[in-house]
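Following this line, the structure appears as structure tokens:
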């Protein structure tokens, strides 16, 4: 996606350009988009919308710094082909601004999940014009959250709305969730951006449509987990950093018939007693990073899960060589994430190298012994390899790893790689996204920045793709 800031840069683009980043440097400059009949994807800011008013072909729009929605969105009043729109950063409620987008009747995705840009009951009523809306991400003001949710549930065109991600400027109350539960097509409810002070799960009891529920850093009682477990078709449950989860609560989910993905990362309070009883027949992805209760006995039990394909472990003292040896026998695993596995010796790391069927391996803040690192090339099916937080890297090792036949993504934190080897690998392996950062908690890296600038100069499209791919892994930091 080329970056355009001046009319000169715009004029230099070919007429078949489909996507651009556009940030007008001079408000008085004239930007002509008449040549671009195929331009469908734009990333811009609120101040630049004025120059885009004549465009009619855009289907995907991302806007940052929307500080005056009621004024800036007026520039889009003639647009009618949007399918997705995303707003980030802002300081106002939407108010009347959404009325200028109502011609876009094919809009399917609307995202404005940022503190400062609040959805109000008035703004939600304009969403009625988007009869194909499937995804809504936004932030509610605490004082009007129930009313906004009620307005959403009462929309005459809400039958397609399946995925709702909501934050709140204050605590979310049960009345808000009660209204959201009335949405006829609701299948995904993401409340990671909301603050919860009381049980809001009761309205979700036995909700047959729910497929995914997400919480973050909330206090969940056994009764709340029981309510969630009563949803017969629940497939994905995210409980990262949630407090109050004990064996009693987790056992409510132990044999849920539909759950495919369970995230218990950073959950402290679960013991191996409960983990050993997990028998969910469809569980494919289990995240236990920094979760208490991981030790050899619980791993041995988890190895019996019939369709488990992705697993995340580590971050606690109980994960040791014996645990790793048990995981190394799980030939159904295609993806393994190891976090701060300080209890592994060379024996445990050697067990990892036996898993030559792995497709994705992420090792975070853990140092594989230097003499074993070259043996990662034995994992010939790897498509993703991340060695974030591992300091043992060299030019020669980097070359060897990029020679893995199926590799598509390689990440590492190091200041030991030379500029020449990074240029060489970009030339020889253009299909691999190579993300190299300086080690964490280090001072300003002048050479690293110099290399990044050189790579951008020589391989702009590859570097842009790499930055986009890297955004999927920011959560590791």
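Numbering (my numbering), first residue to last: 1 to 477.
All residues carry an ideal CB built from backbone N, CA and C; glycine is no exception.
Bear in mind that the values here come from a model prediction, so they are computed numbers and not experimental data.
- Excluding residues up to 5 positions away in sequence, 412, 414, 417, 422 lie with their Cβ nearer than 7 Å to the Cβ of residue 436 in the same chain.
- Every unbroken stretch of the beta strand (DSSP E) spanning 3 or more residues and falling wholly within the segment 335-402 is given here in chain order: 335-339, 360-364, 384-387.
- 7 Å or more divides the Cβ of residue 315 from the Cβ of residue 296.
- If you check the CB distance, residue 342 and residue 321 do not come in under 7 Å.
- A straight-line Cα-Cα distance of about 30 Å links residue 103 and residue 191.
- The C-beta of residue 468 has fewer than 16 other C-beta atoms within 10 Å across all chains shown, which makes the residue exposed.
- With fewer than 16 other Cβ atoms inside 10 Å of its own Cβ, residue 3 counts as exposed.
- Taking all protein chains shown into account, residue 12 has fewer than 16 neighbouring C-beta atoms within 10 Å of its C-beta and is therefore exposed.
- The alpha-carbon of residue 146 is positioned some 50 Å away from that of residue 344.
- Bridge partners of residue 212 according to DSSP: 188, 236.
- Each of 81, 62, 7 was checked against the Cα of residue 38, and the nearest Cα belongs to 81.
- The continuous beta strand (DSSP E) containing residue 109 extends over residues 109-112.
- Annotation for residue 151: the continuous alpha helix (DSSP H) segment containing it runs 145-153.
- Taking the C-beta atoms as reference points, residue 40 is found nearer than 7 Å to residue 18.
- Taking a 10 Å sphere around the C-beta of residue 227, we find 16 or more other C-beta atoms and assign the residue as buried.
- Scanning 1, 306, 36, 293 for the CA closest to the CA of residue 318 turns up 293.
- Taking every protein chain shown into account, the CB of residue 97 has 16 or more other CB atoms within 10 angstroms, so this residue is buried.
- DSSP lists 41, 84 as the bridge partner or partners of residue 60.
- Within the DSSP secondary-structure output, residue 168 pairs in a beta bridge with 140.
- Distance from residue 53 to residue 78 at the Cβ level is roughly 7 Å; contact confirmed, criterion being Cβ atoms closer than 8 Å.
- One thing to note: residue 234 has its Cβ no nearer than 7 Å to the Cβ of residue 251.
- Exposed is the label assigned to residue 217, since fewer than 16 other Cβ atoms lie within 10 Å of its Cβ.
- Under the DSSP assignment, residue 227 falls in the alpha helix (DSSP H) whose first and last residues are 222-229.
- Taking C-beta atoms under 8 Å as the contact rule, residue 225 and residue 253 qualify, at a distance of about 7 Å.
- When DSSP states are grouped into helix, strand and coil, residue 434 belongs to the strand group.
- Each of 181, 373, 359 was checked against the Cα of residue 384, and the nearest Cα belongs to 359.
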